[in-house]
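In this note's numbering, the protein residues as written are 1000 to 1280. This report refers to the structure that appears directly beneath it.
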């Protein structure tokens, strides 16, 4: 097994066919096919299933892909780090599991205050991703086996765009009678809805679901429905809708900054400080 085999394997997966992978790599289709066949022979299993002219990963292929993708990502980071030894740049990797609307503001703040820091930002991972590759993880819960500290505790308001004027409060009856927009299962804000239902003995079922916070904001703006909106971690985007309160207790959540490092280097400490500054500004 060699690096070329793994590289071509990832390219075939990402492009959906040997033909497209060969074009991207500027090699012949035969060369790519040969590498894939050699890799499958060495592993003793088929990695792809043919569906017409396209290729899809087999069950074994999906498992293998999750490991190869992470491994090559780490390898590339290692190469980049070596190339930067003679420069003043310091690489820092951050995984944002939540608070994506604040990413641009955080990057701009770090660019201004720490121009020698090179950021690697990640937002989407799969269940097999090695979290040890990240210097920081922004999440709404402490990360297992990581050092965690709370950044802020924020209220969760209702994104509402159905009333003229400056509506300040919404009732439970209004929420139940209006379509609900929610994050997909597995996202933390979906857990807010589940807890909300349990606390108030409600049975609000989302009519619309998405895994993208910006889509939720656009749906609210266009009066498709209402949704829970974090007051701070979503404040990086100007909302064209009202943020209203419940007439009962507000939901809330805490944002944590998690790190694998028991002791932060000076550059990492400076990055940590700027993240805190943005959240608390």
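Every residue, glycine too, gets a C-beta built ideally from N, C-alpha and C.
Counting every other CB atom within 10 Å of its CB across the protein chains shown gives residue 1186 a total of 16 or more, marking it as buried. Apart from sequence neighbours up to five positions away, the residues of its chain that approach residue 1005 with a beta-carbon distance below 6 angstroms are 1067, ordered along the chain. Apart from the 5 residues on each side of it in sequence, residue 1220 sits with its Cβ closer than 8 angstroms to the Cβ of 1160, 1238, 1239 and 1240 in its chain, given in chain order. Note on the region 1189-1257: whole beta strand (DSSP E) runs with a minimum of 3 residues are 1207-1209, 1226-1229 and 1241-1245, in chain order.
Per DSSP, residue 1172 lies in no beta strand (DSSP E) segment; the continuous alpha helix (DSSP H) that holds it begins and ends at 1171-1176.
A direct Cα-to-Cα measurement between residue 1232 and residue 1273 gives close to 15 angstroms. DSSP, read as helix, strand or coil, puts residue 1126 in coil. Between residue 1135 and residue 1256, the C-beta spacing is below 7 angstroms. Taking a cut-off of 8 angstroms for Cβ pairs, the region 1035-1046 and the region 1007-1017 touch, as three or more such pairs fall below it. When rounded, the separation of the alpha-carbon atoms in residue 1197 and residue 1205 is 15 angstroms. Contact check between the region 1207-1219 and the region 1137-1153: fewer than three CB pairs, one atom from each, fall below 8 angstroms, which does not count as touching.
In this structure, 1225 is the residue among 1109, 1225 and 1149 with its C-alpha nearest to the C-alpha of residue 1181.
In the three-state scheme derived from DSSP, where H, G and I count as helix and E and B as strand, residue 1020 is classed as helix. When secondary structure is reduced to three states using DSSP, residue 1071 falls in the helix class.
Looking from the CA of residue 1069, the closest CA among 1049, 1132 and 1170 belongs to 1132. Non-local beta-carbon contacts of residue 1229 in its own chain, meaning distances under 6 angstroms to residues more than five positions away in sequence, involve 1153 and 1155 in chain order. For residue 1047, the uninterrupted beta strand (DSSP E) segment begins and ends at 1047-1050.
Proximity to residue 1254 across 1265, 1234 and 1149 peaks at 1149, based on C-alpha coordinates. With contacts defined by Cβ atoms closer than 7 angstroms, residue 1259 and residue 1145 form a contacting pair. Just so you know, the alpha carbons of residue 1048 and residue 1009 end up roughly 15 angstroms apart.
Excluding its 5 nearest sequence neighbours in each direction, residue 1099 has C-beta neighbours in its own chain below 7 angstroms: 1122 and 1212, listed in chain order. Secondary structure note for residue 1167: it is in no beta strand (DSSP E), with a DSSP letter that is neither H nor E. For residue 1266, there is no enclosing beta strand (DSSP E); the enclosing alpha helix (DSSP H) covers residues 1265-1278.
Excluding its 5 nearest sequence neighbours in each direction, residue 1112 has C-beta neighbours in its own chain below 6 angstroms: 1273, listed in chain order. In the DSSP assignment, residue 1044 falls outside any alpha helix (DSSP H) and carries neither an H nor an E. In the three-state reduction of the DSSP assignment, residue 1115 falls in the coil class. In the DSSP assignment, residue 1138 falls within the beta strand (DSSP E) that extends over 1135-1138. If you draw a straight line from the Cα of residue 1028 to the Cα of residue 1143, it comes to about 44 angstroms.
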